[in-house]
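Heads up: the sequence shown begins at 17 in the numbering used here, then just goes up one per residue.
Ideal Cβ positions, reconstructed from N, Cα and C, are used throughout, including at glycine.
First comes the structure, then the notes that go with it.
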Amino acid sequence: MSAAAQVRRARREDLPAIVEIEEATFSEAWTPETFASGLQRDDMVVLVATEGEVVAGYAVVVIGDGEAELANLAVSAARRGRGIGEALLGGTLEVLRDRGASCAYLAVRASNERAARLYRRHGFREIGTHAGYYARPREDALVLALEL
Ligand SMILES: CC(C)(COP(=O)(O)OP(=O)(O)OC[C@H]1O[C@@H](n2cnc3c(N)ncnc32)[C@H](O)[C@@H]1OP(=O)(O)O)[C@@H](O)C(=O)NCCC(=O)NCCS
C-alpha cells in the first residue's frame with residue numbers, strides 16, 4: 017500500500033488530470049464532459065487518489081436502486097503497482113456501504129488479469145460474460161459482482 021496516497025471525492029479542478037490519465041489508459045476514453053457531468057450527478061461518485069498534490073488515479077461508481085456499478089477505475093501508468101488501485105477500490109466500496117448499496121458489479125476485459133485480481137481480492141466473483149462487449153480491440157467482458 018502506498019503510504020502517501022489519499023482518497024477523496026473529486027473536485028472540478030481535478031478534471032484535467034483525470035482526463036489525462038483516462039486518455040492515456042483507454043482506447044475508448046470517456047470525454048471530459050462525461051466526467052464533468054458526473055461530478056454534478058447525485059447517482060455518481062467520482063473519487064481520486066492523490067500523492068501529494070498529484071492526482072494518481074480515480075474511480076467512478078454509479079449507484080441506483082441499491083445496486084452499484086463500478087464504471088471506471090484507472091491509475092496513471094507511472095504510479096501503478098504500489099497500492100493506489102487498492103486504495104481507490106477500498107474507498108469506493110466504503111462509499112457504497114455508507115450509501116446502503118447491497119450489490120456492486122462491474123465489467124472488465126477478459127485479458128485484464130491485473131484488474132481482475134484486484135477485484136477478486138476484494139471479494140468480487142464472476143457472474144457471467146458479455147461476448148464482444150469491448151471494441152478496439154474487440155474482446156469479451158467478464159462481469160463480476162460483490163454482495164456488500
Ligand atoms: C487495474 C489498476 C487500476 C490497478 O491499479 P494499481 O494501483 O496498479 O493497483 P495496486 O497497486 O493496488 O495493485 C496492483 C498490484 O501491485 C501489487 N502491489 C500493491 N502495492 C504494492 C507494493 N507496495 N509493492 C509491490 N507491489 C504492490 C498488488 O499486490 C497487485 O499485484 P497483482 O497485480 O499481482 O495482483 C491499474 O493497473 C490500471 O489503471 N490499469 C489500467 C486501467 C484498468 O485496467 N482499469 C480497470 C478497468 S475494469
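Starting from residue i, follow the beta strand (DSSP E) in both directions and report where the run begins and ends.
{"i": "D156", "result": "E155 to E163"}
{"i": "E85", "result": "E83 to V91"}
{"i": "R145", "result": "In the sequence as displayed, the identity of residue 145 is Thr instead of Arg. T145 -> beta strand (DSSP E) spans R141 to Y150."}
Going by beta carbon distance, what residues of the same chain come within less than 7 Å of residue i, once the five residues before and after it are set aside?
{"i": "V35", "result": "P48 and F51"}
Rounded to whole angstroms, what's the CA-CA distance from residue i to residue j? Just pull it up for me.
{"i": "G16", "j": "L160", "result": "Outside the shown range of the chain (17 to 164) lies residue 16, about which nothing can therefore be said."}
{"i": "G132", "j": "T41", "result": "Correcting the residue identity first, residue 132 is Ala in this sequence and not Gly. Taking the straight line from one Cα to the other gives about 16 Å."}
{"i": "A90", "j": "E38", "result": "7 Å"}
{"i": "R113", "j": "L105", "result": "12 Å"}
{"i": "L164", "j": "E110", "result": "10 Å"}
{"i": "A151", "j": "E44", "result": "8 Å"}
{"i": "L31", "j": "R141", "result": "31 Å"}
{"i": "R27", "j": "D59", "result": "16 Å"}
{"i": "S118", "j": "G54", "result": "22 Å"}
{"i": "A157", "j": "R136", "result": "15 Å"}
{"i": "R95", "j": "R130", "result": "14 Å"}
{"i": "G99", "j": "D81", "result": "31 Å"}
Identify, in the order they occur along the chain, each residue of the same chain with its Cβ nearer than 6 Å to the Cβ of residue i, setting aside the five sequence neighbours on each side.
{"i": "M77", "result": "According to the sequence provided, residue 77 is Val. The question's Met does not apply to it. Correct list, in chain order: V61, A84, L86 and T108."}
What is the residue span of the alpha helix (DSSP H) that residue i lies within?
{"i": "R24", "result": "Where R24 is concerned, there is no enclosing alpha helix (DSSP H), although the beta strand (DSSP E) it sits in stretches over A21 to R25."}
{"i": "R113", "result": "I100 to D114"}
{"i": "E29", "result": "No alpha helix (DSSP H) holds E29; DSSP gives it neither H nor E."}
{"i": "A94", "result": "That residue, A94, is in no alpha helix (DSSP H); it is neither H nor E in DSSP."}
My assumption, with CB atoms under 8 Å, is that residue i sits in contact with residue j. Please give the rounded CB distance.
{"i": "S92", "j": "A72", "result": "6 Å"}
{"i": "A103", "j": "L162", "result": "Incorrect: roughly 17 Å between the Cβ atoms, too far for contact."}
For residue i, collect the residues of the same chain with a Cβ closer than 8 Å to its Cβ; drop the 5 residues on either side in sequence, then sort them by chain order.
{"i": "E155", "result": "R125, A126, S127, G148 and Y149"}
The segment 19–26 in contact with the segment 63–74 per 3-pair CB rule at 8 Å: The count of Cβ pairs closer than 8 Å, one atom from the segment 19–26 and one from the segment 63–74, reaches three, so the stretches are in contact.
Are the segment 142–151 and the segment 120–130 in contact at 8 Å, needing three or more beta carbon pairs? The answer is yes - the segment 120–130 touches the segment 142–151, with three or more Cβ pairs under 8 Å.
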